[in-house]
Amino acid sequence: MRKTLLVSLALAVLALAFGSLVVAQDQVTIRLWGHGSSPAEEAALNAQIAAFEEAYPDIDVELLISPEYDTQLQAAFASGDYPEVFYVGQDKVDEFADAGVLAPAEDNVEDVDDIYPALVETFTYNGTFYCPAKDFSNLTLEYNIDMFDEAGVDYPTADWTWDDLRAASEQITEATGTPAFVVELNIDRWFAFYVQAGGTFYDEDGNFVFASEGENADAAVEAMEFFVGLFEDGLAVTPQDVGAGWAGEAFGQGAAAMTMEGNWIIQFLLDSYPDLNWASAELPAGPGGEGTLTFSECYGVAADNAHPEESWQLVNFLTNREGAMRVAEGGFGVMPARASSADAWLEARGEEYEPFVASSAYAVAPVLPPGFQEFRDTLTNGLVSAVEGNSTVEDAIEDAREVVEELLEE
Amino acid sequence: MAQTATPTTALPVSRPVSTVASKKRQEAITGLTFIAPALIILLVFMVVPLIAAGYFSLTNWDGIRPLTRGIISEENPNGAYEFVGLENYERLLIREGSRQEGFFTALKNTIYYVLGVVPVQTFLALTLAVIVNQRFLKAKGFFRTAFYFPSITSSVVISLIFMWLFTSNGLVNLALKAIFPDYQQVTWLNDPNGIIHNFLGLFGITRRSVGDWASLEIASIRLWDWISGPSVTMLMIMILNTWTTTGTLMVIYLAALQNIPSHVYEAAYVDGANAWQIFRKITVPLLRPTTFFVVTIGLIGTFQVFDQIFVISNGGPADTTLTIAYLVYASGFTDTRMGQAAATAVLLFIIIFTFTLIQRRFVSERADV
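Here the protein sequences come in this chain order: E and Z. All the letters of the first sequence, read from the start, carry residue numbers 1 to 410 under my numbering. All the letters of the second sequence, read from the start, carry residue numbers 1001 to 1369 under my numbering.
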């Protein structure tokens, strides 16, 4: 009696094990690594992945959201065993492509023509397009309506110039007694002023020409004098000055009437400061015209990859027209990378966020050549020193230019 | 249940008569087994990385290219790295440019840090140890625990608490504001101004007023910046670290204090020495070997400061809290120059090793006396 029971049990276990083995052979697991900044972002991604697994029952997606993403990913690259699909920031794409860990897109991406050309350009290195952007953000000027009313200042418009920004800052600072403008003191904000002053990063041949001779040098000095002047005259502060972790938090707390951030601030303010009465406008134009910065990331596919086909299926599902629509409708504030879903995004988020979309017309992605981290550091330090009065604007730019020359020689 | 337990103990085992040689071998095996865990950990996490760091410091590996691709050669153009000789060292130490500036900035910051922290923490540790060693002190256990407590708390947690205390709307600023209504808020954790610069500024001496000599560059750093002193933010990290390590050093001093035989003190009393003389002429000289030890581990620890900086400032503002250990991390992972990072690590190792050798000489001289 007992024996037959045991035997049948063992048989059952064997059958189960065998069964799952057969299933496992058909099943492909794709590792997807990324980083998250908010619960809303993670929820949106999880929903996308659930939809994908339903559409492709043979593919399992193993999602890893890492808090120390860059370090962990780099260590995985070095070991040679890295995820099939991973986020690639616009400042990393050239490095990864150069190191040969990123598979070129070739003709694996659906409807490339529909993706904003600027975003295709961002993720192109040495003439090869690597990966479709998952979404993007543009910097705009966010302002606190109540504080503007209190100071009796007209709201920012798309026609604002630097002079308007400065005049409004002076009035608000005087009326409220606190600095009007909170902004991070780093080049990812300052570059917007550089672009507005007419500065460019690359010439027609693709050479990096930051602050080189002529117009670019003048633009750099002009932009830094304006930016530093806001701080020196007490019109602008950094988020750290007012005890906030970042500009969005400082703005939400009402520490300042204006800030310049990207789309990520939308959901943050709605979640954390639902009572805040705010709106956004396009960034003011400088002497060189309009300008803003784009920030984006793409889904990169691994070059050393046992399942390239399935990897591209996942990437396409996340970024094709339908994927872009899902980002537009179920997303967390960032804009889908396709022009075809811009209207859907506005409809889902609300027409008041139109300045974020409108900025795309002239937005520039501040992408530096590979290995240019030192340039970023030097220029950021120069900005800080100039604001503190420890160095002149000209010295700060000269230092940065020297680093560019040194890095280009390598 | 009972059946399984019996055989090992109850079965008669016929033991061979052990010779001296086999006994020795057995002892050696037993000894090795005991130290094996520590030895393996030491090998895997200390010796192997040390050799690897030395190896990669001679290459141009970027830290991204998979190592499985091997060395770049004509047959293998897609390799991960190639040998560049001593180029990494030359860039850090000799060739003018941003690498040299980065390294010497880190060296400058680290030296200010070491010079500030080591004497203060040694002095405080000795003072505390003497206090908690007093016979008349009540609640000795409480004080010993209280002073030792910061040392056993996670450095990340302590750093976070410090950040909350010292942010611009933090407790420290609020308290200062309450006491001095005119107090201008200091952003403790985001202030790149050097304290020597600030001090000079009190007398109207600034970068602009001192003249051109200050612009002279030595090792890519302007003379004016060499004499900056630690920045306000760095000073905060120095205070934090002094506070956390003092407890450990106090315990070491305490153990040494209790080793001083009481008859030495009794003799001094008989000779009519007062408390200060006893401390100055007996306690301090007898503690000298301990002081050397405490200073050495202080030097090693402070030269390697990393986690507090990683949590609090990331090397900023304006690179004033960039230390050599943090530079190793930054050049390996944000600048993606692992060869450079390895070379920096080797240089840090040499610096610490040199200090340890100097210290060893002092100690052995003492032993001869």
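Yeah, the Cβ is synthetic: ideal placement off N, Cα and C, and Gly gets one too. Remember, it's a predicted structure, so these values are computed and weren't measured experimentally.
query: Taking 7 Å as the CB-CB cut-off, is LEU21 of chain E touching chain Z?
result: With a pLDDT of 48 at LEU21 of chain E, under the threshold of 50, the predicted position of this residue should be treated as unreliable, and no value is reported.
query: Beta-carbon of PRO1066 of chain Z versus every beta-carbon of chain E: anything under 7 Å?
result: So, interface residue.
Contact set between ASN381 of chain E and chain Z, taken where Cβ atoms lie within less than 7 Å: Ordered by position in chain Z, the residues that pass the 7 Å Cβ test against ASN381 of chain E are ALA1318, ASP1319.
field: ILE187 of chain E burial status per 10 Å Cβ neighbour count (16 or more: buried)
entry: Buried, by the Cβ-count rule.
query: Between ALA1053 of chain Z and ALA1342 of chain Z, is the Cβ-Cβ spacing less than 7 Å?
result: Taking C-beta atoms as the reference points, ALA1053 of chain Z and ALA1342 of chain Z count as a pair closer than 7 Å.
- prompt: Nearest CA to the CA of ALA1345 of chain Z: which residue from Z:LEU1107, Z:ALA1028, Z:LEU1287?
  reply: When only C-alpha atoms are compared, the closest one is Z:LEU1107.
task: Note the first and the last residue of the continuous beta strand (DSSP E) segment covering VAL28 of chain E.
output: First-last of the beta strand (DSSP E) with VAL28 of chain E: 28 to 34.
message: Assuming THR292 of chain E is part of the beta strand (DSSP E), what are its boundary residues?
response: Per DSSP, THR292 of chain E is one residue of the beta strand (DSSP E) stretching across 292 to 301.
Where PHE1333 of chain Z meets chain E, residues with beta-carbon distance less than 8 Å: Near PHE1333 of chain Z (Cβ distances below 8 Å), the residues of chain E are ASP70, THR71, GLN74.
task: Could you name the residues of the region 1235 to 1269 of chain Z whose beta carbon sits closer than 8 Å to any beta carbon of chain E, in the order they occur along the chain?
output: Listed by position, the residues of the region 1235 to 1269 of chain Z near chain E (Cβ gap below 8 Å) amount to none.
Distance between beta carbons of THR200 of chain E and ALA256 of chain E, contact taken as under 8 Å: Beta-carbon to beta-carbon, ALA256 of chain E and THR200 of chain E are separated by about 30 Å, too far to satisfy the 8 Å threshold.
message: Counting C-beta neighbours from all protein chains within 10 Å, is the total for HIS1197 of chain Z 16 or more, i.e. buried, or is it exposed?
response: Under this definition HIS1197 of chain Z is a buried residue.
field: Minimum Cβ-Cβ distance from PHE77 of chain E to chain Z less than 7 Å
entry: Closer than 7 Å to some Cβ of chain Z, the Cβ of PHE77 of chain E qualifies, so yes.
task: With SER137 of chain E as the anchor, note down where its beta strand (DSSP E) starts and where it stops.
output: Start and end: 133 to 138.
- prompt: Out of curiosity, what's the CA-to-CA distance linking PHE1362 of chain Z and TRP1226 of chain Z?
  reply: One alpha carbon belongs to PHE1362 of chain Z, the other to TRP1226 of chain Z, and they sit about 30 Å apart.
- prompt: With a Cβ-Cβ cutoff of 7 Å, do LEU1189 of chain Z and THR1127 of chain Z count as a contact?
  reply: Contact flag unset, no.
query: With which residues is THR1083 of chain Z paired in a DSSP beta bridge?
result: The sequence shown places Phe at residue 1083 of chain Z, not Thr. Beta-bridge pairing links PHE1083 of chain Z to Z:THR1059.
- prompt: Is any beta-carbon of chain E found at less than 7 Å from that of ASN1404 of chain Z?
  reply: The question about residue 1404 of chain Z has no answer here: the residues shown for chain Z are numbered 1001 through 1369.
- request: Take LEU346 of chain E and list the residues in its own chain whose beta-carbon comes closer than 7 Å to its own, dropping the five residues that flank it on each side.
  value: The residues TYR353, GLU354, VAL357, in chain order, have a CB closer than 7 Å to that of LEU346 of chain E in the same chain once the five nearest residues on each side in sequence are set aside.
- request: Output, in sequence order along the chain, the residues in the region 1202 to 1232 of chain Z whose CB is closer than 7 Å to any CB in chain E.
  value: Residues passing the 7 Å Cβ filter: ARG1207.
message: Classify TRP190 of chain E: buried if its beta carbon has 16 or more other beta carbons within 10 angstroms, exposed otherwise.
response: Result: buried.
task: Specify the secondary structure class of THR161 of chain E as computed by DSSP and reduced to three states.
output: DSSP, read as helix, strand or coil, puts THR161 of chain E in strand.
DSSP state of SER280 of chain E mapped onto helix, strand, coil: Strand, per DSSP.
message: Less than 7 Å between CB atoms is the rule here; does SER1098 of chain Z satisfy it with respect to chain E?
response: For SER1098 of chain Z, a Cβ of chain E is located within less than 7 Å of the residue's own Cβ.
field: Best match in E:GLU398, E:GLN27, E:LEU407, E:ASP26 for proximity to GLU213 of chain E [C-alpha to C-alpha]
entry: Ranked by how close their Cα comes to the Cα of GLU213 of chain E, the residues E:GLU398, E:GLN27, E:LEU407, E:ASP26 have E:GLU398 in first place.
- prompt: Between which two residues does the beta strand (DSSP E) containing TYR87 of chain E stretch?
  reply: Run containing TYR87 of chain E: 85 to 89, per the beta strand (DSSP E) assignment.
query: Per the contact definition of three or more C-beta pairs closer than 8 Å, is the region 273 to 280 of chain E in contact with the region 45 to 58 of chain E?
result: Not touching, per the Cβ criterion.
- prompt: Which whole runs of the alpha helix (DSSP H) in the region 1134 to 1220 of chain Z are 4 residues long or more, in chain order?
  reply: Runs found: 1140 to 1152, 1155 to 1166, 1171 to 1179, 1195 to 1202.
- request: From the DSSP output, in three-state form, read off ALA285 of chain E for me.
  value: For ALA285 of chain E, the secondary structure class from DSSP, reduced to helix, strand or coil, is strand.
query: Looking at C-alpha atoms only, which residue of E:THR380, E:ARG338, E:ASP241 is the closest neighbour of ASP114 of chain E?
result: Checked all of E:THR380, E:ARG338, E:ASP241; the closest Cα to ASP114 of chain E is E:ARG338.
message: In whole angstroms, give me the CA-to-CA distance for GLU1096 of chain Z and GLU215 of chain E.
response: CA-to-CA, the gap between GLU1096 of chain Z and GLU215 of chain E works out to about 28 Å.
message: I need the straight-line Cα distance from ALA197 of chain E to TYR362 of chain E, nearest angstrom please.
response: Rounded to whole angstroms, ALA197 of chain E to TYR362 of chain E spans 13 Å at the Cα level.
- prompt: Along chain E, in chain order, which residues have C-beta atoms closer than 7 Å to that of ASP1062 of chain Z?
  reply: Below the 7 Å Cβ cutoff, chain E contributes ALA99 as neighbours of ASP1062 of chain Z, in chain order.
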